[in-house]
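One structure is given below, encoded as structure tokens.
There are 2 protein chains.
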Amino acid sequence: MSTEEAAGPRPRRAVSDPGLVDDLAARIHAQIRSGDIPIGTWLRQEALANTFGVSRTPVREALRKLQADRIVDVFPHRGALVRGPTAVDLRETYTIRGELEGLAAELAATRITDEQLRRLRAAEAALRAGLDELRAFVATEGVGAVRSGPWDAADLEFRDAMLDACGVERLQRMAAELRDAFPRNLVWAALAEEPSLLDESLAQRARIRAAVERRDPVAARRWMTDHCRRTGSLVAEAFERRQAVEDLPDPRDIRARLGRPTQG
Amino acid sequence: MSTEEAAGPRPRRAVSDPGLVDDLAARIHAQIRSGDIPIGTWLRQEALANTFGVSRTPVREALRKLQADRIVDVFPHRGALVRGPTAVDLRETYTIRGELEGLAAELAATRITDEQLRRLRAAEAALRAGLDELRAFVATEGVGAVRSGPWDAADLEFRDAMLDACGVERLQRMAAELRDAFPRNLVWAALAEEPSLLDESLAQRARIRAAVERRDPVAARRWMTDHCRRTGSLVAEAFERRQAVEDLPDPRDIRARLGRPTQG
DNA sequence: CAGGCGGTGTTTGGATCCAAAACAGTTCGG
DNA sequence: CCGAACTGTTTTGGATCCAAACACCGCCTG
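Sequence order for the protein chains is A and B. Following this note's numbering, the numbering of the first sequence begins with 449 at its first residue and continues without gaps. Following this note's numbering, the numbering of the second sequence begins with 449 at its first residue and continues without gaps.
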């Protein structure tokens with residue numbers, strides 16, 4: 449019987465070359481996260497191949513990775529569709545994030561280093577600065593013109609610092625996976641429309657940071673979990689409001705955004 | 449500029465056809481989970497293609513999916529290597545599982561239906577029966593001869609029933625992902641070597657079931673988290689013992705199990 | 001006029017082909 | 001005697017090719 453094992457080559461350098469497919473997947477994912485490729489978009493293999501200057505073969509493999517990460521849905525003989533969350537998806541995701549990041553905060557409170565603590569404080573400061581700037585921007589330009597800015601970056605940095613401090617690699621990865629489960633604009637668009645919510649969000653994070661600072665695992669976890677759940681409720685509610693306005697036929701229905709085959 | 453969107457076809461039936469690639473990935477994954485393909489095996493594309501009667505193209509896409517699921521490591525120009533956990537991997541995974549399944553138990557306690565509760569009880573009964581049988585088997589045949597049996601199946605069924613009862617789809621998926629992160633035999637081989645541990649494991653589950661039955665979310669969560677952490681400790685310790693005996697050069701080192709290219 | 005039917009163009013899916021990379025065994029030089 | 005370079009073989013990676021599936025459109029029929 450032909451076995452598929454047969455031990456073979458031994459890799460000298462582990463991950464020096466990222467590999468074309470992984471790079472492609474990361475790039476496509478980035479465009480989806482940023483909103484450049486909107487939810488409900490059909491990803492055409494040939495178009496992607498052209499834009500990245502490669503053939504369809506590596507594109508197809510990249511799409512399989514994105515499928516496994518639940519970024520796109522692949523329909524046999526039809527193509528890959530960029531997944532969009534439903535309101536319950538949002539709630540569920542934030543609930544789970546509350547658990548995972550809560551655990552991370554708890555662990556971080558017991559084992560954070562001084563260096564990591566400095567990073568956390570810096571992120572909080574950046575968050576505060578970004579909030580001021582964003583509020584000023586909204587006051588002059590309006591909510592609609594808001595684009596991904598320093599507040600969003602600081603937001604990610606704060607979370608990354610916390611996850612890094614907890615020291616559990618798998619936890620980092622899983623939390624990141626949840627964070628990237630849907631485009632960023634869905635998140636901060638919900639919060640930016642009411643600046644007072646951002647104040648609240650910042651205050652919650654200050655509480656978390658303080659708890660970690662004084663090495664209080666129980667409080668750190670509690671505040672972090674609360675923070676995630678509260679944020680999740682806000683995002684989900686905003687999403688539902690928005691969905692009520694533009695009447696998408698069905699939240700779960702794939703037929704949304706069908707348009708026409710060639711948009712010429 | 450050529451855009452990669454261009455709205456297109458609308459899928460009629462959602463998931464009627466699994467698709468060859470998904471099927472392949474599932475089959476390979478199953479063989480890894482069952483231990484038929486051991487950890488550290490180099491997966492040769494052509495060999496896999498031959499065994500499944502297809503060409504290398506779909507095999508490569510399937511491997512990309514497994515890579516995204518962290519089942520294999522893909523090294524550019526070298527191949528795909530079946531990942532094996534380290535002891536810290538095991539501990540981390542069970543810690544996180546404690547959180548997720550704890551949450552699941554908490555939710556299940558509040559919203560489980562009578563039908564689901566019946567399923568949970570049935571799984572517990574099967575677990576008990578499987579335990580008796582396994583103990584008898586170990587007494588006559590010895591630990592070494594133990595293979596995946598009804599106890600393992602009942603174990604999975606109990607967890608699935610609980611996750612199903614919690615009603616959060618993403619939670620189900622993430623817990624399943626953790627459960628399948630490494631071969632099953634690593635798990636129950638650790639527990640089977642000391643039957644009293646299985647008694648303890650069963651008692652813990654009875655406690656959980658009882659808490660869910662009386663709709664006590666706090667207790668359900670507590671017992672479930674405890675159960676997962678305890679199991680994780682046992683598995684990790686057994687793994688460390690085993691690893692100490694067969695002196696693998698380095699836990700993280702890829703060069704393990706190098707052998708020769710063609711094992712003819 | 002509505003609904004079913006087949007033609008046509010487009011897109012995906014799998015197989016095949018070829019070049020580049022890596023392993024293994026050998027040879028050459030110190 | 002040991003190590004570095006060379007060569008042959010194996011395997012992966014990307015491109016290309018062809019068939020099958022699907023969407024769109026017009027036509028035909030009831």
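Ideal Cβ placement from N, Cα and C applies to all residues, glycine included.
Pick from the options: whose alpha carbon is nearest that of residue i?
i, options, result
"B:ALA497", "B:ARG545, B:GLY488, B:VAL507 and B:ALA552", "B:VAL507"
"B:THR543", "B:LEU582, B:ARG678, B:PHE585 and B:ARG689", "B:ARG678"
"B:GLU625", "B:GLN652, B:GLY501 and B:ALA478", "B:ALA478"
"A:ALA629", "A:GLU494, A:THR534, A:GLN493 and A:THR499", "A:THR534"
"B:ALA473", "A:ALA474, A:PHE500, A:ARG512 and A:ARG627", "A:ARG512"
"A:ASP608", "A:VAL530, A:GLY527 and A:LEU565", "A:LEU565"
"A:GLU572", "A:VAL469, A:ARG655 and A:GLN620", "A:ARG655"
"B:PHE606", "B:ASP664, B:GLU589, B:ALA552 and B:ALA692", "B:ALA552"
"A:ALA574", "A:LEU604, A:ASP521 and A:VAL616", "A:LEU604"
"B:ASP600", "B:GLN620, B:VAL616 and B:GLU581", "B:GLU581"
"A:ASN633", "A:ILE480, A:ALA528 and A:ARG526", "A:ILE480"
"A:GLU688", "A:GLN620, A:ALA510, A:ARG539 and A:THR499", "A:ARG539"
"A:SER732", "A:ALA651, A:ARG627 and A:ASP674", "Not covered by the structure: residue 732 of chain A. The range shown for chain A is 449 to 712."
"A:GLY501", "A:VAL520, A:TRP490, A:ASP471 and A:ARG526", "A:ASP471"
"A:ASP664", "A:GLN691, A:SER503, A:ARG559 and A:ARG618", "A:ARG559"
"B:ARG576", "B:PRO643, B:ASP674, B:ALA495 and B:GLN691", "B:PRO643"
"B:VAL635", "B:PRO598, B:LEU682, B:TRP490 and B:HIS525", "B:LEU682"
"A:GLU563", "A:VAL520, A:GLU661 and A:GLY578", "A:GLU661"
"B:GLY467", "B:GLU509, B:THR561 and B:GLY680", "B:GLU509"
For a test of your reading of the model: does the CB of residue i fall under 8 Å from any non-hydrogen atom of the ligand MG? Yes or no.
i, result
"B:ALA557", "Annotation note on the ligand MG: not contained in the displayed structure, which lists no ligands."
Helix, strand or coil for residue i per DSSP?
i, result
"A:VAL616", "coil"
"B:VAL666", "helix"
"A:ASP521", "strand"
"B:ALA684", "helix"
"B:ALA528", "strand"
"B:LEU468", "helix"
"B:GLU661", "helix"
"B:PRO631", "coil"
"A:GLU578", "Note that residue 578 of chain A corresponds to Gly in the displayed sequence, not to Glu. Correct three-state label for A:GLY578: helix."
"B:GLU547", "helix"
"B:ASP698", "In this predicted model, B:ASP698 has a pLDDT of only 47, less than 50, meaning its place in the structure is not dependable; the value taken from the coordinates is given anyway. B:ASP698 falls in the coil class under three-state DSSP."
"B:PRO533", "coil"
"B:THR679", "helix"
"B:THR561", "coil"
"A:GLU732", "Given a span of 449 to 712 for chain A in the structure shown, any question on residue 732 of chain A remains unanswerable."
Could one say the Cβ of residue i lies closer than 9 Å to chain A's Cβ atoms, at least one of them?
i, result
"B:MET672", "no"
"B:SER524", "Per the sequence shown, the amino acid found at residue 524 of chain B is Pro instead of Ser. Yes, B:PRO524 lies at the interface with chain A (some Cβ there is under 9 Å from its Cβ)."
"B:ARG632", "no"
"B:MET610", "no"
"B:GLY550", "yes"
"B:ARG508", "yes"
"B:VAL469", "yes"
"B:ARG512", "yes"
"B:GLU688", "no"
"B:ASP537", "yes"
"B:GLU642", "no"
"B:GLU661", "no"
Output yes if chain B places a C-beta closer than 9 Å to the C-beta of residue i; else output no.
i, result
"A:ALA455", "Here the model assigns A:ALA455 a pLDDT of 38, short of 50, so the residue's position is not dependable and the matter cannot be decided."
"A:PRO466", "yes"
"A:GLN515", "yes"
"A:GLU589", "no"
"A:ILE560", "no"
"A:THR679", "no"
"A:LEU619", "yes"
"A:ARG607", "no"
"A:ILE656", "no"
"A:VAL666", "no"
"A:VAL616", "yes"
"A:GLU547", "yes"
Are the CB atoms of residue j and residue i within a distance shorter than 9 Å?
i, j, result
"B:ARG567", "B:ALA613", "yes"
"B:ARG531", "B:ARG518", "yes"
"A:ALA516", "B:GLN515", "yes"
"B:TRP671", "B:ALA659", "yes"
"B:ALA557", "B:ALA637", "no"
"A:VAL586", "A:ALA640", "yes"
"B:LEU646", "B:ARG569", "no"
"A:VAL522", "A:LEU529", "yes"
"B:LEU548", "A:GLU547", "yes"
"A:ILE487", "A:PRO631", "yes"
"A:GLY722", "A:ARG669", "Residue 722 of chain A lies beyond the residue range present for chain A, which begins at 449 and ends at 712; the question has no answer from this structure."
In chain order, which continuous runs of the alpha helix (DSSP H) of length 4 or greater are located wholly inside the stretch 482–507 of chain A?
493–500
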